[in-house]
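K.L.:
Chains as they are written, first to last, in my numbering: chain A, 860 to 1205; chain B, -8 to 161.
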């Protein structure tokens, strides 16, 4: 078995990894739509969907079929090209960012295969660049719909994402400074070599809190879901969308959440490293990664059904006057600390 | 005039995060509590003899319908839901209903027919579900309204008990 796998050409390995990781991501997104309803139901003493399949497990499938067969409406004054383009723009970047997340290593015989689609030296840059693109989906969707609610939702989404992206990046930079690399694999390795996850270091802990808050805002989740904001803006940027394009927005949102959960795991919780057992077999590492990421996915839902939405001015105040200065100060201190403690190489 | 005094927030409350954690712990505790939702078709609403469901006609032990098509319920009905057409019979009584229709879409389940009936022939059952694909299908005819007396016995006893309160005071 092992020898057979080793003899396979490299492209088979790549295709298999892409299929597994991408499929896993979309599958997770689908399951998240069910989990969201189930968890919210349990928190409110309800049952949640339980009619389709055991425990309602086939509900995402039923939803998908329904979305495909529904009639699609495009508003009369809409910019048809952008209207059709926006859902894809919302979904694709968030799906692509999963490529650089190191989920672990697969050991086949003596060979170690890194279980991630790409091992980029600039993994974090790649993630942030693509993550920044995902805001176009919300803005274009809101603008192309030719509806006041959509436009307001899109505007808010852009303002919010720009505000919180700074905090997000600054808190990631703290980890980059501590690990000395933009490569996510190197960040994981650094945490393993230190024997200490970044969240347990003082700067890392602060960065973790800021990163988590910013990741909620980046993925448009409660309590920062101003892009949707049902009570005020009907549905925000996706008010005018229906059928599969509507579903694509949500697929994108859930994929973005999954990626953020994975990124949080990688940056602050040691990625695929098993706590207190550095020599754990490879499959336990992958399991540990999935469990950690699963916890953060649960956190996304948990917070959504706990906290009320902010007011827009409160959101901006928190972003610019609280989170950003703290993140800046944190980075400054970490920078000074790293500069003075690291021995000069030249 | 009511003056609402704004509560001064403590530092922990203004920091927001401790309160967030408090909220999260609350929802997490509630997460494990038993759902209180009734799973309707599998767990129907509990009913007893006091339940005033849809009116049904009593079929006596000898298999004959108790109704004599006197028309009292038809007159008592405030929603004009009941239509009765009587005819001759060989049973030694004057009339029996040839047609007895209750339009369930008009019926308001008030129970006046039950009170008006002099022959203990119509009673409010505990049947509450009402669904069909057409309006015509919800105009119940004689065959759909007939119920054996045993099925309605609890309600009959209950109505008798109710009426006994007035009888004993003479």
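Where is the CB? At the ideal position from N, CA and C, for every residue including glycine.
In chain order, what residues of the same chain have a beta carbon less than 8 Å from the beta carbon of residue 110 of chain B, not counting five sequence neighbours either side?
P.N.:
Excluding positions up to five away in sequence, the list reads 57, 58, 59, 61.
K.L.:
Is the Cβ of residue 34 of chain B closer than 8 Å to any Cβ of chain A?
P.N.:
No, residue 34 of chain B lies away from the interface with chain A (no Cβ there is under 8 Å from its Cβ).
K.L.:
Under 7 Å, CB to CB, which of the residues in the segment 1165 to 1192 of chain A have a partner in chain B?
P.N.:
Against chain B - using a Cβ distance shorter than 7 Å - the residues of the segment 1165 to 1192 of chain A are 1165, 1166.
K.L.:
Could you check how far apart the C-beta atoms of residue 1019 of chain A and residue 1076 of chain A are, in whole angstroms? I think they sit under 8 Å.
P.N.:
About 6 Å; that satisfies the 8 Å criterion.
K.L.:
Per DSSP, what are the beta-bridge partners of residue 81 of chain B in this structure?
P.N.:
Bridge partners of residue 81 of chain B: none, in fact.
K.L.:
Indicate, with yes or no, if the ligand NAD has a heavy atom lying under 7 Å from the CB of residue 58 of chain B.
P.N.:
With respect to small molecules bound, the structure shown includes none, and the ligand NAD cannot be examined in it.
K.L.:
Can you confirm whether residue 1081 of chain A, when its beta carbon is compared against all beta carbons of chain B, has any partner nearer than 8 Å?
P.N.:
No, because no Cβ of chain B sits closer than 8 Å to the Cβ of residue 1081 of chain A.
K.L.:
Quick one: any contact between the segment 983 to 994 of chain A and the segment 913 to 932 of chain A, if contact means 3 or more CB pairs under 8 Å?
P.N.:
Because the criterion of three Cβ pairs below 8 Å is not met, the segment 983 to 994 of chain A and the segment 913 to 932 of chain A do not touch.
K.L.:
Counting only runs of 4+ residues fully inside the segment 2 to 52 of chain B, write out the alpha helix (DSSP H) ranges in chain order.
P.N.:
Entirely contained in the segment 2 to 52 of chain B, the alpha helix (DSSP H) runs reaching 4 residues are, in chain order, 2 to 6, 8 to 22.
K.L.:
Counting only beta-carbon atoms, is residue 1070 of chain A nearer than 8 Å to chain B?
P.N.:
Not closer than 8 Å to any Cβ of chain B, the Cβ of residue 1070 of chain A fails to qualify, so no.
K.L.:
In whole angstroms, what separates the C-alpha of residue 139 of chain B from that of residue 154 of chain B?
P.N.:
Whole-angstrom Cα-Cα distance: 22 Å.
K.L.:
Nearest CA to the CA of residue 882 of chain A: which residue from A:1165, A:1191, A:955?
P.N.:
Looking at the Cα atoms, A:955 is the closest of the given residues.
K.L.:
Leaving out five residues before and five after residue 917 of chain A in sequence, what residues of the same chain have Cβ atoms less than 7 Å from its Cβ?
P.N.:
These residues qualify, in order along the chain: 911.
K.L.:
I need the DSSP call for residue 1077 of chain A, collapsed to helix, strand or coil.
P.N.:
It is helical.
K.L.:
Establish whether the CB of residue 1155 of chain A and some CB of chain B are separated by less than 8 Å.
P.N.:
Not closer than 8 Å to any Cβ of chain B, the Cβ of residue 1155 of chain A fails to qualify, so no.
K.L.:
Pick out whichever of A:932, A:974, A:892 has its Cα sitting closest to the Cα of residue 1149 of chain A.
P.N.:
Ranking the options by Cα distance to residue 1149 of chain A, first place goes to A:974.
K.L.:
If we ignore side chains and look at the alpha-carbon of each, how far apart do residue 1069 of chain A and residue 1030 of chain A end up?
P.N.:
If I take the Cα positions, the gap works out to 6 Å.
K.L.:
Please classify residue 74 of chain B: does DSSP put it in a helix, a strand, or coil?
P.N.:
Here residue 74 of chain B sits in strand by DSSP.
K.L.:
When you compare only the Cα positions, how much space is there between residue 886 of chain A and residue 100 of chain B?
P.N.:
Going by the C-alpha atoms only, they are around 50 Å apart.
K.L.:
Assuming residue 1013 of chain A contacts residue 997 of chain A (C-beta within less than 8 Å), just tell me the rounded distance between them.
P.N.:
Between residue 997 of chain A and residue 1013 of chain A the Cβ distance is about 5 Å, and since that is below 8 Å, they are a contact.
K.L.:
Please report whether the beta-carbon of residue 870 of chain A lies at a distance below 8 Å from any beta-carbon of chain B.
P.N.:
Closer than 8 Å: no.
K.L.:
Give me the residue from A:1144, A:1191, A:923 with the minimum Cα distance to residue 1062 of chain A.
P.N.:
Closest by alpha carbon: A:1191.
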